[in-house]
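S.K.: Quick note on the working numbering: the sequence shown kicks off at 1412 and runs consecutively.
Okay, here's the structure, questions in a sec.
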Amino acid sequence: RGGGGGGGGGGGGGGGGGGDEPAVDMDPFESVYFHFGDATLGSHLDFSHVYVFDRVFSPTTMASLARVLQRSPFRVLVSYRTASEWWEHGLSVVQPVAKLRLSSTGKEGMTCWIYINMRYAPR
1412 RGGGGGGGGG
1422 GGGGGGGGGD
1432 EPAVDMDPFE
1442 SVYFHFGDAT
1452 LGSHLDFSHV
1462 YVFDRVFSPT
1472 TMASLARVLQ
1482 RSPFRVLVSY
1492 RTASEWWEHG
1502 LSVVQPVAKL
1512 RLSSTGKEGM
1522 TCWIYINMRY
1532 APR
């Protein structure tokens, strides 16, 4: 089965707020966590941002991952699958907000879709 990855999302850079506060240098990647593994095995994924290289996932894997993601509190999903494919497999909480045309190192072109979880969208 395909693996999943995620990035924990929090705040980034430093800098003082003015006044007498000293400037604080923070590592902008300290809140990022990558996980490589089978994302279909757990009950949910506890990440704010999820990237899946799902170009070769079988329908069975897509359905399994959709069930897990449907129960997950992610804010952003990055995928190579269209919204209609995710919706067909049961992931109904996502809405596409952007797409990027990418090229692999072998010059193969592909489209990457960026989705938001509508449970957490501003109203």
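Ideal Cβ placement from N, Cα and C applies to all residues, glycine included.
None of these values were measured; they are calculated from a predicted model.
Tell me the DSSP secondary structure of R1412 in three-state form.
M.R.: Caution is warranted here: a pLDDT of 41 is assigned to R1412, below 50, making its placement in the model unreliable, and no coordinate value can be reported.
S.K.: Could you have a look at M1437 and say whether DSSP puts it in helix, strand or coil?
M.R.: The DSSP-derived three-state label of M1437 is coil.
S.K.: May I ask you to verify whether the segment 1500–1511 touches the segment 1474–1488, counting CB pairs closer than 8 Å and requiring at least 3?
M.R.: In this structure the segment 1500–1511 lies against the segment 1474–1488, because at least three pairs of beta carbons, one per stretch, are closer than 8 Å.
S.K.: Roughly how many angstroms lie between the CA atoms of S1483 and V1435, to the nearest whole one?
M.R.: Using only the alpha carbons, I get a separation of about 33 Å.
S.K.: Measuring only the C-alpha atoms, how far is L1513 from S1454?
M.R.: 31 Å
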